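Notes for the one structure printed next.
Numbering (our numbering), first residue to last: 18 to 164.
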């Protein structure tokens with residue numbers, strides 16, 4: 018539930034990442050509360066590739082679907098104790114970029130949109146672990162994988 022373990026947060030298909038220390042978001046720029054575009058996450062905007070190099074990328078929806086089907090996660094503790102070590106990063110609110118329940122669960126983007134305003138993520142909170150199709154304006158974690 019710490020800033021260091023939570024890492025950075027990303028809005029869908031955006032190059033700009035954000036960190037949050039529990040009090041303030043950095044950079045504290047105007048939050049994009051209304052993302053509407055007909056696009057999956059473009060490779061040129063992938064923070065995994067940008068930060069770690071060309072061998073790294075965000076998981077696809079199929080990869081998260083397979084991980085979820087084989088993970089047998091019932092809660093955030095299960096997700097963290099798995100081989101993937103999915104951390105309880107919380108998220109940045111789609112309306113204003115404020116930090117919500119770090120330490121109580123987390124969400125990780127996939128590369129697949131649901132429609133112009135929504136995209137797929139792997140979501141794990143008390144009482145629910147699975148795939149959801151939520152606003153592209155959320156600030157979620159990304160879990161980078163290496164090809």
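The C-beta atom is built at its ideal place from N, Cα and C for all residues, glycine as well. Only a predicted model underlies this, so the values are computations on that prediction, with no experimental measurement involved.
Check your understanding: Should residue 16 and residue 85 be called a contact, given that it needs their Cβ atoms to be closer than 9 Å?
Key -> Beyond the ends of the chain as shown, which are 18 and 164, falls residue 16; an answer cannot be given.
Review point. Using 8 Å as the threshold, is the stretch 108-123 in touch with the stretch 70-83, meaning 3 or more CB pairs across them?
Key: no
**Study point:** contact_flag[the stretch 50-60, the stretch 126-145] where n(CB pairs < 8 Å) is 3 or more
**Key:** yes
Exercise for review: Output the distance between the C-alpha atoms of residue 128 and residue 106, rounded to the nearest integer angstrom.
Suggested key: 19 Å
Point to revise | Straight-line gap, residue 6 to residue 61 (C-alpha atoms, nearest Å) | key: With the chain covering only 18 through 164, there is no way to say anything about residue 6.
Review point. Residues bridged to residue 130 by DSSP?
Key: 136
Check your understanding: Are the stretch 75-82 and the stretch 37-48 in contact at 8 Å, needing three or more beta carbon pairs?
Key -> no
Point to revise | Classification of residue 113 by the beta-carbon crowding that lies within 10 angstroms, buried from 16 upward | key: exposed
Check your understanding: Taking Cβ positions, are residue 103 and residue 118 nearer each other than 9 Å?
Key -> no
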